[in-house]
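I have placed the structure first, in the form of structure tokens, so that the comments after it can refer back to it.
Residue numbers (UniProt numbering): 1 to 688.
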């Protein structure tokens, strides 16, 4: 017979433990949140998503389906997504929107690459299908590179180590080396705070001189720092690859056997260089090496850092923050699983880090929305509260406003755009579902009067997504005006493109009646065009230019439909001498003006739908009654073919007539699903 104490301990064990207690190998009481998570202040991280939890929830769900007429939607991966209990009025509604936009594309070598729901290309596919449904084929829809994943991989991937081992690093003067370190500090401001550039400058000359007696390990970080600086320098950009190859060669030779602080530093710098070189897949793989070293050293635990000296503890915290930013950026932009997990209570005010807290918000969005592929009212309310707290703290900590003539603070831009990004990712499902429902309710052959969709309860969420995209574009506007901006800013380029896609999608929901969408879409194109040396930015700028054309066409057709209605009413009162459809015939010379640029032909945001002004379009681009229009770009040929519904395309199949009507009934998820998950891909970029 077992002792009484041992029996008590066995009786206290629970077969249903949360993920956090499983990882920490601690006793869990099975509650949600459990007692251990409450004690540690991480109750928001207490989840039962794996092993027994999934099977139990699935069993409970299947039992409920047999007794209920309305079945809850089941994820393609078998995970049941059901609404949680709620307290507020909004939370008492059922779960609202789902996500299912993952896809496979081929890379330059013909191999498949997975892109998840949060990836920009997944959103791009949604916008393209909506545009095709509204206006048929166009340059935006029929772009031959539409499935393209820009990856500027080199053809000598197998021989770079041999070449780097034989070739010395490029020779630069001391002044040029100092300027490259300065450019590195600007380009990585807010991202890389773990490199002591003041100490690095003291040994920079010796590190770059190949005949000096400095050990090879101490040359790695200087080589990679000047490589990133040269990458963003217009004058010394041709030296970037030489420095990078030498630094990566030394890192692979000396740092791959044992985990160390220098290993994490080196592979973080390699990741940033590869990101800036438009090699995102390669960057993601190198970052995983840094993450493995980071976990081996215990850098992810705050308690471990406190056992070291103050200087090393601070360095460990900085490395953790940098790795978290890069990991979450790559995970969100490519739709990949998050590789790091926050164990700290980021809301505690002592030793508070705005970056760590913001990363925790983004992690919650990715893990609770995009990994589960559904969104509930409770999740939106919980993450929204965290975002409000972060925004309040950031506002209080902000210094005085920066002068308009000062150079943009890249670090501030990095942080603010990520905050807006968390809002856009959280609310994107509501915008997609609203636009799809609006397009389904207003077929193109009967546009009628330009009217706002019925938003009701979800209006704030839809508007929040579009508003955050516009604010992101305004935030990044200085990058398009100044010539002293670093040539490679991958995180900001990604933010501009994601915001442009969001603004473009909002056009088809007729939200140009509320927001100045056309103006900011044009501004986003200018921002992307400013980074012409970046292959990803160049490709994104081309996509946005095609998107601008189809958005302009959409606005013109809406104007034409409104003008027809008004002309009919005017004709009944005063009569008319021309046939209504002849007044704006694009075949007439006086109406077919020369194609002009996309210059923001959007209606007055304060005008009612029945009184939209016709002077929002430039001269020579008046809309016509049958939906045709002059090209908005000189030499462009936007197809005027009638819209065609795509057979089997779920977004335009069983879409509810009103999103908000679904909130009051039984819980149901509406998946924005695409069955064609495998897309062909042409060669996008040659060797760099």
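Where is the CB? At the ideal position from N, CA and C, for every residue including glycine.
According to the DSSP assignment, residue 114 belongs to the beta strand (DSSP E) that extends over 112-115. Straight through space, the alpha carbons of residue 308 and residue 131 are spaced by roughly 57 angstroms. If you draw a straight line from the Cα of residue 22 to the Cα of residue 259, it comes to about 25 angstroms.
Residue 502 and residue 465 have their C-alpha atoms roughly 8 angstroms apart. By the neighbour-count definition (other C-beta atoms within 10 Å, threshold 16), residue 304 is an exposed residue. Three or more pairs of CB atoms, one per stretch, sit closer than 8 angstroms, so the segment 404-422 contacts the segment 481-498. Cβ neighbours of residue 538 within its own chain (closer than 7 angstroms, five residues either side excluded): 532. Taking 9 angstroms as the cut-off, the beta carbon of residue 552 is found no closer than this to the beta carbon of residue 506.
In this structure residue 238 is exposed. Its beta-carbon is surrounded by fewer than 16 other beta-carbon atoms within 10 angstroms. Under the criterion of beta carbons closer than 8 angstroms, residue 255 and residue 262 qualify as touching, at roughly 6 angstroms. CA-CA distance, residue 469 to residue 32, rounds to 35 angstroms. Counting the other CB atoms within 10 Å of its CB gives residue 509 a total of 16 or more, which places it among the buried residues. Between residue 319 and residue 265, the beta carbon gap of about 7 angstroms places them in contact (Cβ cut-off 8 angstroms). Each residue's CA atom was taken as its position, placing residue 540 and residue 128 some 14 angstroms apart. In this structure, DSSP gives residue 192 a state outside helix and strand, which the three-state scheme calls coil.
Residue environment: residue 280 is assigned as buried (16 or more neighbouring CB atoms within 10 Å of its CB, all protein chains considered). Between residue 356 and residue 373, the C-beta gap is not smaller than 9 angstroms, which leaves the two residues out of contact.
Here the segment 222-233 makes contact with the segment 186-200; the two share three or more CB pairs at distances below 8 angstroms.
With a beta-carbon spacing of about 4 angstroms, residue 187 and residue 232 fall inside the 8 angstroms limit used to define contacts. Cβ atoms of residue 423 and residue 387 come within 8 angstroms of each other, at about 7 angstroms. With a cutoff of 9 angstroms on beta-carbon distance, residue 288 and residue 251 are scored as not near each other.
With 16 or more other Cβ atoms inside 10 Å of its own Cβ, residue 169 counts as buried. Taking 9 angstroms as the cut-off, the beta carbon of residue 543 is found no closer than this to the beta carbon of residue 117. Residue 213 and residue 306 have their C-alpha atoms roughly 35 angstroms apart. Closest in C-alpha terms to residue 103, from the list 202, 196, 119, comes 119. Assignment of beta strand (DSSP E) within the segment 278-325, counting only whole runs of 3 or more residues, yields no such run. Residue 545: member of the alpha helix (DSSP H) spanning 535-574, first to last residue. When the beta-carbon positions are compared, residue 413 and residue 334 stay at least 9 angstroms from each other.
One thing to note: residue 294 has its Cβ within 9 angstroms of the Cβ of residue 323. With fewer than 16 neighbouring CB atoms inside 10 Å of its own CB, residue 38 falls in the exposed class.
In summary, residue 395 is exposed, with fewer than 16 beta-carbon neighbours lying within 10 Å of its beta-carbon over all protein chains present.
Between residue 182 and residue 229, the C-beta spacing is below 9 angstroms. Taking a contact as a CB-CB distance under 8 angstroms, the pair residue 331 and residue 536 does not count as one, their CB atoms being some 17 angstroms apart. Taken atom to atom, the span from the alpha-carbon of residue 327 to that of residue 221 is near 20 angstroms. The continuous stretches of alpha helix (DSSP H) do not include residue 342, and DSSP gives it neither H nor E.
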